[in-house]
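Residues 98 to 252 (my numbering) are what the sequence shown spells out, left to right.
Note that beta-carbon positions come from the ideal geometry of N, C-alpha and C, so glycine has one too.
The structure presented is a predicted model; accordingly, all values stated were derived computationally and were not measured.
Take a look at the structure set out below.
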Amino acid sequence: MNNSSLAPTGVTTIYIIRHAEKLNATPDTPLSSAGLVRAQVLAHVLKDAGISAIFVTEFLRSRQTATPLASANGLTPIKYPATTPATAIGKILANHVGGRILAIGHTNTVDDLTAGLGAAGVAEMTETQFDRLFVVQRTSAGVFLQRLRYGVATP
98 MNNSSLAPTG VTTIYIIRHA EKLNATPDTP LSSAGLVRAQ VLAHVLKDAG ISAIFVTEFL
158 RSRQTATPLA SANGLTPIKY PATTPATAIG KILANHVGGR ILAIGHTNTV DDLTAGLGAA
218 GVAEMTETQF DRLFVVQRTS AGVFLQRLRY GVATP
């Protein structure tokens, strides 16, 4: 049986992560070699998920995290300001209902993204956490949150 036939219609699925490991603490640092590997792992994990839109912030590390998946799926990531995750939330809810979306945030915005999509209870991430993958599903029956991890484990 095809797994896509198992998904009910009218479900909006949003995969939310923090960008992968960064090279240093400068404001617009690129990904480290570990971060580039994690970005490739993310592309592998979500390869068959049917991602139709990817939201990234203006920072290089966010865009680099999205690049392998965006390239594999022929998508151009949609930028939103890192300081206003509500911008991404508004666009997702207005333009991507029923879709499967990846949203890439930062330590202090992943919790805002999940809460803004109706799934409260995700804590702000620490500087060492890179393997968290939150899946928010919005349905007519409610909003559901699944907590996953991908790639090399981090604290």
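CB-CB under 7 Å to aspartate 125, same chain, minus the five flanking residues each way: which ones, in chain order?
So the qualifying residues of the chain are Phe156 and Leu157.
List, from N- to C-terminal side, the alpha helix (DSSP H) runs of 4 residues or more that fit wholly inside the stretch 145-199.
157-170 and 182-192
With a cut-off of 8 Å on the beta carbons, I'd call valine 207 and arginine 115 a contact; round off their distance for me.
5 Å
Along the chain, where does the alpha helix (DSSP H) containing threonine 211 start, and where does it finish?
207-213
Please classify glutamine 243: is it buried, with 16 or more other beta-carbons within 10 angstroms of its beta-carbon, or exposed?
Glutamine 243 is exposed by the Cβ-count criterion.
Check whether the Cβ atoms of glutamine 234 and threonine 251 sit closer than 7 Å, and answer yes or no.
Not in contact: glutamine 234 and threonine 251 (Cβ atoms no closer than 7 Å).
Do the stretch 130-138 and the stretch 160-175 meet, that is, are 3 or more Cβ pairs less than 8 Å apart?
yes
Serine 101 versus valine 108: straight-line alpha-carbon distance, rounded:
Unreliable positioning characterises serine 101 in this predicted model, as indicated by a pLDDT of 45, which lies under 50. A coordinate reading is not provided.
Option nearest phenylalanine 231 by Cα separation, candidates Gly215, Glu224, Ser237 and Ala238
Gly215
Hey, out of Asp209, Asp228 and Gly213, whose CA is closest to glutamate 221's CA?
In this structure, Asp209 is the residue among Asp209, Asp228 and Gly213 with its C-alpha nearest to the C-alpha of glutamate 221.
Quick check on glutamate 118: buried or exposed, where buried means 16 or more other Cβ atoms within 10 Å of its Cβ?
buried
Under three-state DSSP, which class holds glycine 132?
helix
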